[in-house]
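So the sequences go chain by chain: A and B.
Just add 24 to the spot in the first sequence (first one is 1) and you have my numbering.
Just add 1 to the spot in the second sequence (first one is 1) and you have my numbering.
In what follows, a single structure is set out as structure tokens and then discussed.
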Amino acid sequence: MSNTILSIKDIHKSFDHVTALDGMSFDIHEGQITAIVGDNGSGKSTLIKILSGNIAPDKGSISIDGTDYSSFNINQTLKLGIRTVYQDLSLDNHKNSWENVFLGSECMRGPFLNKSYMRSETLKLIDKLNLHLPDIDLPIRNLSGGQRQGLAIARALRSACRILLLDEPTSAMGIKESHMTMELLKHLRADGITQLLVSHNIYHVFDVADRIIVVKAGKCVADVYTEHSSPERIHDMLLEYEHREVSR
Amino acid sequence: MKSLFKKHASVWILIIFCLILSVFLANRNHAFFSLKNLVNILESTSYRTLLAIGMTFIIASGAIDLSIGSVLSLSAILTALCLHQGLPVWLCVIIGLASGGLMGAINGVLIHLTRINALIITLATSYIFRGVALIITLGSPITKMPQAFLKFGSGDIFGMEAGVTMAILALLIAFPIMYQTKWGHYLTGLGGNALALKRAGVRIGFYRIGCFIGMGLLAALAGIIITSRLNSAEPNAGLDMEMYAITAVIMGGTPLSGGKAELAGTAVAVFLLGLIRNGLTILSVSSYYQQFITGTLLLIAVIVAELNERKNRIA
């Protein structure tokens, strides 16, 4: 088994009287794609927000390479090599592709932006990731969903990335674009990038993930390897847990 | 060439409008094309240019500042009070500028911490700053400035008032800041998607507050120039200046929703508004028509910008 790169221990998070995470614990192994599946409101996105430093947990700890953190902010996660592709992609529609790829970590030449360097580095990056963007100098507002997703992933991978968090990467995409994104994730796994993928599309998850963690009401209810399971079984698990909850 | 026109369409349209208007005015009155009249237009638009530059940064960042007229007035009053205390002119100017920066910082901090719309916050602070100016002066202007101070804004540089040189200098500094540095990049980013900027690890509060401080400094500089030119600091100075600056920015092609900036458009729009004012004077048209024309131009600019934005969204 590969090394544990990230360990989540007994994480709790509530918003007023609503419990989003209720003692969630699991490990992420290096070089694998771990998927978290669950219904709406199961706590998946809250977990991503905690791991990306957007919000702090009420209780519990997160261990990265053996170092425990009770919480961290966005800048700390970036320093630790945690990169996030948010569900809304967090792109600026007014800026062009290379400006988005370098957003927040611009290259400078003295006090001025080194635009030619950022442009050429972006071209190299999109070539490496096999992305097809029409013109990297135009504002990105006219790119397709798949192209925008690819751009958000390119931004995440521009600097050293140890763990890539992906929040519902195919939620707003068609079949062809979803396939493109899934292929890109497989390509990244082949490059050794550890990924934590949040999705409620069980079939997409089975296409790319090595391991699946099923969450319900803020708790992990199952942790299985895809090779030992099937989409139907995961589907049944989610329903079974729901029936159990209703019958209580 | 075609892409350059398309990219800066608003600027080119304004330039064409300026040319047409100039030819029309020159035909009606030959004095229009005289150097004296051109200098007159530049001098009357100098401090308005400063305000419009600052407002371009503010609007590009997705905010708005309705307090600049009041900041202008209170800074001018504080500078005049310091001058009357016998302090050196350079120190009074620095105090005036610092007070403008402080008022800008108050706006920025309030907007950042409370997350209340900038329009509401600056509307409230505009009344507060104007109120303080009126309380200090009891509504009366402060006059009789020292001779050295009168040279500050109205002194002669290259045959023009110093205010014109300052406005040109401010434009020359603003261009690289807006388009070549992190500051401009992040300010338009604030207007484009502030959350994306925050998630990218950028301290958005720093840039938001910094932008308002810059606006405060420019408003204070405009106030000092006006005081120097008129030899009087008035508590009611700068009334409606925010509307003038907003009009120039929107006409220039910067979208009210922020995300991008068209500084060249702002500069041409300020000049065009100055040209209209000058033209009305030359044609002996009542000044009452000025507001009507300015309002009409703003309405047209906003409708054109909105239609253009919708077209882009659909595309």
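The beta-carbon is built from N, C-alpha and C at its ideal position, and this holds for glycine as well.
Remember, predicted model here, so these are calculated numbers, not experimental data.
Contact fails between the region 125-137 of chain B and the region 249-261 of chain B, because fewer than three Cβ pairs, one in each stretch, are under 8 Å apart. In the structure shown, B:N28 adopts helical secondary structure according to DSSP, grouped into three states. Neighbourhood of A:S114 in chain B, by CB distance below 8 Å: N194, L196, A197, R200, A201, in chain order.
By the C-beta criterion, the region 96-108 of chain B is judged to be in contact with the region 75-83 of chain B, since at least 3 inter-stretch pairs fall below 8 Å. Within the same chain, and ignoring the five residues on either side of A:L127 in sequence, no residue has its Cβ closer than 6 Å to its Cβ.
The residues L51, I54, in chain order, have a CB closer than 6 Å to that of B:A171 in the same chain once the five nearest residues on each side in sequence are set aside. Within the model, the alpha-carbon separation for A:G242 versus B:V269 is close to 57 Å. When Cβ-Cβ separations below 8 Å define contact, B:Q181 makes contact with chain A. Under the 8 Å Cβ criterion, the region 60-68 of chain B counts as touching the region 102-121 of chain B, having at least three qualifying pairs. In the structure shown, A:E54 falls within a coil segment according to DSSP collapsed to helix, strand and coil.
In this structure, the beta-carbon distance from B:L274 to B:T248 falls below 8 Å. Boundaries of the alpha helix (DSSP H) harbouring B:F176: 163-181, taken from the DSSP string. The C-beta of B:C93 has 16 or more other C-beta atoms within 10 Å across all chains shown, which makes the residue buried. The beta-carbon of B:G260 is placed less than 8 Å from the nearest beta-carbon of chain A.
Within chain A, no residue has its beta carbon less than 8 Å from that of B:H113; the closest one is some 17 Å off. With respect to A:S114, B:L196 sits close: the two C-beta atoms are nearer than 8 Å. Residue pairing by DSSP puts A:R235 in a beta bridge opposite A:T58, A:Y249. In the DSSP assignment, A:D151 falls within the alpha helix (DSSP H) that extends over 139-152. The Cβ of B:T267 sits no closer than 8 Å to any Cβ of chain A. Interface annotation, A:K119: in contact with chain B, CB-CB separation under 8 Å. The DSSP-derived three-state label of B:R131 is helix.
When the alpha-carbon of B:F130 is set against those of B:K152, B:G105, B:P89, B:Q292, the nearest one is in B:G105.
Judged by DSSP secondary structure, A:V109 falls within the beta strand (DSSP E) whose first and last residues are 106-109.
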